[in-house]
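Novice: Quick one: the structure is below, and I'll ask about it shortly.
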Amino acid sequence: QEHPRPEYETKLLQKVLKNKNITTENSNEDEKEKLTWSDRMPGYAANFGLILFMIMLTFSAVFGVIVYRITTAAALSFSTNETTRSNVRVTVTATAVIINLVVILILDEIYGAVAKWLTEIEVPKTEKTFEERLILKAFLLKFVNSYAPIFYVAFFKGRFVGHPGHYVYVFGGYRMEECAPGGCLMELCIQLSIIMLGKQLIQNNLFEIGIPKLKKLFRKLKDERTEPKEMDTNQSKDPQQWDLDYILEPFTGLTPEYMEMIIQFGFVTLFVASFPLAPLFALLNNIIEVRLDAKKFVTELRRPDTVRAKDIGIWYNILSGIGKLSVIINAFVIAVTSDFIPRLMYQYAYSQNGTMHGFINHTLSYFNVSHLKTGTQPENSPFAQDVLFCRFKDYREPPWSQNQYEFSKQYWAVLSARLAFVILFQNLVMFLSVLVDWMIPDIPKDISEQIKKEKSLLVDFFLKEEHEKLKLIESFIARDKQKHKSGTKGERIRAASFCQFNRSQKGSFASFSSQHTEV
29 QEHPRPEYET
39 KLLQKVLKNK
49 NITTENSNED
59 EKEKLTWSDR
69 MPGYAANFGL
79 ILFMIMLTFS
89 AVFGVIVYRI
99 TTAAALSFST
109 NETTRSNVRV
119 TVTATAVIIN
129 LVVILILDEI
139 YGAVAKWLTE
149 IEVPKTEKTF
159 EERLILKAFL
169 LKFVNSYAPI
179 FYVAFFKGRF
189 VGHPGHYVYV
199 FGGYRMEECA
209 PGGCLMELCI
219 QLSIIMLGKQ
229 LIQNNLFEIG
239 IPKLKKLFRK
249 LKDERTEPKE
259 MDTNQSKDPQ
269 QWDLDYILEP
279 FTGLTPEYME
289 MIIQFGFVTL
299 FVASFPLAPL
309 FALLNNIIEV
319 RLDAKKFVTE
329 LRRPDTVRAK
339 DIGIWYNILS
349 GIGKLSVIIN
359 AFVIAVTSDF
369 IPRLMYQYAY
379 SQNGTMHGFI
389 NHTLSYFNVS
399 HLKTGTQPEN
409 SPFAQDVLFC
419 RFKDYREPPW
429 SQNQYEFSKQ
439 YWAVLSARLA
449 FVILFQNLVM
459 FLSVLVDWMI
469 PDIPKDISEQ
479 IKKEKSLLVD
489 FFLKEEHEKL
499 KLIESFIARD
509 KQKHKSGTKG
519 ERIRAASFCQ
529 FNRSQKGSFA
539 SFSSQHTEV
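Counting from 29, one number per residue, gives the positions in the sequence shown under this note's numbering.
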């Protein structure tokens with residue numbers, strides 16, 4: 029049975045005191061009072077506004093890193109050092125990912141505190157409702173915070189750069205960043221690996237041990253300053269066990285532990301097509317974290333209060349949702365981010381001999397250099413003769429076409445194949461998951477048969493018991509009937525003997541007296 033939280037009871041009492049005069053007549057009506065939607069409306073409005081603000085803050089941080097990449101790449105391109113110019117892309121990618129990692133770690137701590145405060149102002153009725161709403165808010169904010177940079181690289185980077193002669197510029201003169209000539213898949217792999225490994229090493233391992241130690245040290249110093257030193261000569265020098273336990277950090281629940289595993293599960297499943305080693309690193313991290321958690325629970329935290337639970341609660345729904353979302357995201361990663369579909373299309377639809385020979389030439393479009401805008405032409409050409417046409421990676425019509433630089437038929441064919449692959453991949457994986465779920469039941473067959481046997485034995489036992497009770501009741505009824513019949517016969521005999529006694533009472537009295545004198 030779940031009891032209302034003290035905060036809910038306090039809010040309810042304030043509402044009753046505000047809206048009604050406490051009298052003996054309506055004292056019984058207080059039990060029917062409850063917090064309505066209108067009472068919680070300020071809390072809901074604050075939740076919606078702040079969550080939206082936090083999500084926009086995350087997007088702003090991602091956009092800030094994008095601006096950093098664009099400006100840094102432009103600045104390094106003008107460097108006089110040949111090595112710096114040749115390694116611009118690697119330098120910018122690595123430093124931007126590290127900045128993303130630092131921002132994610134900072135915002136994660138902020139979002140955890142904000143989610144708790146937002147849940148408290150909602151005033152949930154029970155502890156279960158409070159925990160579920162807190163988990164949902166924290167997961168939403170941390171999900172967006174952890175995966176927003178990865179989603180950008182996977183699905184948005186290089187999609188809005190335009191084409192030669194009509195590039196997209198930001199802040200006046202900076203071109204939007206685009207993927208490497210080989211695509212964004214390698215950059216996605218680098219981004220995912222650094223963020224995942226950095227979060228596991230710093231947040232899941234170092235913070236696991238370091239933060240409880242710092243909190244314990246801070247509490248110890250605070251207690252030593254606030255409490256006066258007692259000069260007790262009889263007090264033993266060795267502290268008692270309860271004193272040592274009191275110094276430990278209080279247990280705050282399993283929500284942070286679950287959240288670490290859920291975010292890691294997202295890294296492993298959502299983009300596993302771009303970083304196949306993610307499950308291996310997750311396994312190694314979990315082997316280490318098992319021992320770190322054991323040390324933390326035994327030596328750094330107070331003993332937790334045991335609470336009975338039917339299952340893992342809302343975490344199961346979150347895991348199920350991530351599993352279904354991962355199928356769709358991996359389908360788009362394979363179809364959109366990689367060159368898997370364009371290669372298949374070229375090999376089976378456009379190649380003359382069924383090989384990949386000529387694929388690069390097929391993916392490049394023509395551009396007339398005379399169509400460049402003034403001020404955007406290259407200053408120094410490395411070629412000896414004048415260049416009339418250049419090639420760029422895209423499926424567009426050539427300059428001699430009527431619809432020059434528009435998307436070509438190959439573009440729409442590849443796009444249709446990509447969407448068809450996503451639909452086919454998603455339905456195939458969902459069908460296989462349902463098939464595996466049907467083939468491998470949650471309860472093994474031998475155990476389910478044993479449960480059925482136990483149920484049948486219980487039913488037979490109860491039927492036998494009921495049959496014996498029925499027989500016992502019937503025997504009691506038969507005895508009662510027999511006693512009733514024998515009782516009526518006895519009454520008749522006693523009535524007849526009483527009449528005979530009255531008739532012979534006078535003669536019997538004389539004989540009785542004579543017998544008495546003889547005795």
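The C-beta atom is built at its ideal place from N, Cα and C for all residues, glycine as well. The structure presented is a predicted model; accordingly, all values stated were derived computationally and were not measured.
Does the separation of the CB atoms of G386 and S393 fall below 8 Å?
Specialist: The residue you call residue 386 lines up with position 358 of the sequence shown. The residue you call residue 393 lines up with position 365 of the sequence shown. Not closer than 8 Å, so no.
Novice: How about the segment 354-369 and the segment 201-218: do they share at least three Cβ pairs that are nearer than 8 Å?
Specialist: At 8 Å Cβ cutoff, the stretches touch.
Novice: To the nearest angstrom, report how far apart I451 and H390 are at their CA atoms.
Specialist: Locating residue 451 in the sequence shown gives position 423, counting from the first residue. Locating residue 390 in the sequence shown gives position 362, counting from the first residue. The straight-line gap from Cα to Cα measures roughly 26 Å.
Novice: N396 to P427, Cα distance in whole Å?
Specialist: By one-based count along the sequence shown, residue 396 stands at place 368. By one-based count along the sequence shown, residue 427 stands at place 399. Answer to the nearest angstrom: the Cα atoms are 6 Å apart.
Novice: For E277, which three-state DSSP category applies?
Specialist: Taking the sequence shown and counting its residues from 1, one reaches residue 277 at position 249. In this structure, E277 counts as strand in the three-state DSSP scheme.
Novice: Give me the Cα-Cα distance between V130 and S398, rounded to the nearest whole angstrom.
Specialist: Here residue 130 corresponds to residue number 102 of the sequence shown, with the count starting at 1. Here residue 398 corresponds to residue number 370 of the sequence shown, with the count starting at 1. So the alpha carbons of these two residues sit roughly 45 Å apart.
Novice: CA-CA distance, R33 and K244?
Specialist: Residue numbering aside, residue 33 sits at position 5 when the sequence shown is read from its first letter. Residue numbering aside, residue 244 sits at position 216 when the sequence shown is read from its first letter. Going from the Cα of R33 to the Cα of K244 covers about 28 Å.
Novice: Cutting at 8 Å between CB atoms, please list the residues of its own chain near V415, excluding the five before and the five after it.
Specialist: In the sequence shown, counting from the first residue as 1, residue 415 sits at position 387. Counting only Cβ-Cβ distances below 8 Å, and skipping sequence neighbours, we find V397 and S409.
Novice: At which residues does the beta strand (DSSP E) containing L443 begin and terminate?
Specialist: In the sequence shown, residue 443 corresponds to position 415, counting from 1. Note, L443: premise wrong, no beta strand (DSSP E); alpha helix (DSSP H) at K437 to M467.
Novice: May I ask you to report which of helix, strand or coil DSSP gives Y394?
Specialist: What you label residue 394 is simply residue 366 of the sequence shown in a count that begins at 1. In the structure shown, Y394 sits in a strand (DSSP, three-state: E or B).
Novice: Can you tell me whether A102 is helix, strand or coil according to DSSP?
Specialist: Taking the sequence shown and counting its residues from 1, one reaches residue 102 at position 74. Here A102 sits in helix by DSSP.
Novice: Run the CB neighbour count on L169, radius 10 Å, all protein chains shown included, and call it buried at 16 or more, exposed below.
Specialist: As a working mapping, residue 169 is identified with position 141 in the sequence shown. Buried, by the Cβ-count rule.
Novice: Would you call the segment 124-139 in contact with the segment 225-233, where contact means no fewer than 3 C-beta pairs closer than 8 Å?
Specialist: Cβ pair count under 8 Å is three or more, so yes.
Novice: Would E155 and G71 be called neighbours here (beta carbons separated by less than 8 Å)?
Specialist: As a working note, residue 155 is residue 127 in the sequence shown. As a working note, residue 71 is residue 43 in the sequence shown. Their beta carbons are not under 8 Å apart, which means E155 does not touch G71 by this criterion.
Novice: Based on DSSP bridge pairs, tell me the residues matched to F550.
Specialist: For residue 550 there is no data in the structure shown, the boundaries of the chain being 29 and 547.
Novice: Among L133, F167 and I132, which residue has its Cα nearest to the Cα of K144?
Specialist: Position 116 of the sequence shown holds residue 144. Residue F167 is the option with its Cα nearest to K144.
Novice: In whole angstroms, what is the alpha-carbon distance linking T280 and K250?
Specialist: Here residue 280 is taken as the residue at index 252 of the sequence shown, counted from 1. Here residue 250 is taken as the residue at index 222 of the sequence shown, counted from 1. Each residue's alpha carbon lies about 20 Å from the other.
Novice: Taking only three categories from DSSP, how would you classify V198?
Specialist: Start at 1 with the first residue of the sequence shown, and residue 198 comes out as number 170. It is a strand residue.
Novice: Counting along the chain, where does the alpha helix (DSSP H) carrying F246 start and finish?
Specialist: Sequence index remark: in the sequence shown, residue 246 carries index 218 (1-based). Residues F235 to T254.
Novice: Given that a residue counts as buried once 16 or more other Cβ atoms are within 10 Å of its Cβ, and exposed if not, what is D470?
Specialist: Translated into positions along the sequence shown, residue 470 becomes position 442. Per the 10 Å Cβ criterion, exposed.
Novice: Kindly indicate which three-state DSSP category E57 falls into: helix, strand or coil?
Specialist: Working through the sequence shown from its first residue, we reach residue 57 at position 29. Residue placement at E57 is flagged as unreliable, the pLDDT there being 46, under the threshold of 50; the coordinate-derived value follows with that caveat. It is helical.
Novice: Does the separation of the CB atoms of V189 and E215 fall below 8 Å?
Specialist: Your numbering for residue 189 matches position 161 in the sequence shown. Your numbering for residue 215 matches position 187 in the sequence shown. No.
Novice: I need the boundaries of the alpha helix (DSSP H) containing K144, first residue and last residue.
Specialist: In the sequence shown, the residue the question calls residue 144 occupies position 116. Counting along the chain, the alpha helix (DSSP H) containing K144 begins and ends at V116 to E150.
Novice: Out of G140, H194, R203 and R187, state which residue places its alpha-carbon closest to the alpha-carbon of V172.
Specialist: Reading the sequence shown from its first residue, position 144 is the one you call residue 172. Closest by alpha carbon: G140.
Novice: Can you tell me whether DSSP reads K324 as helix, strand or coil?
Specialist: Residue mapping note: residue 324 aligns to position 296 of the sequence shown, counting from 1. In this structure, K324 counts as helix in the three-state DSSP scheme.
Novice: Mapping the DSSP letters down to three states, classify R424 as helix, strand or coil.
Specialist: As a position in the sequence shown, residue 424 is number 396, starting the count at 1. Strand at R424.
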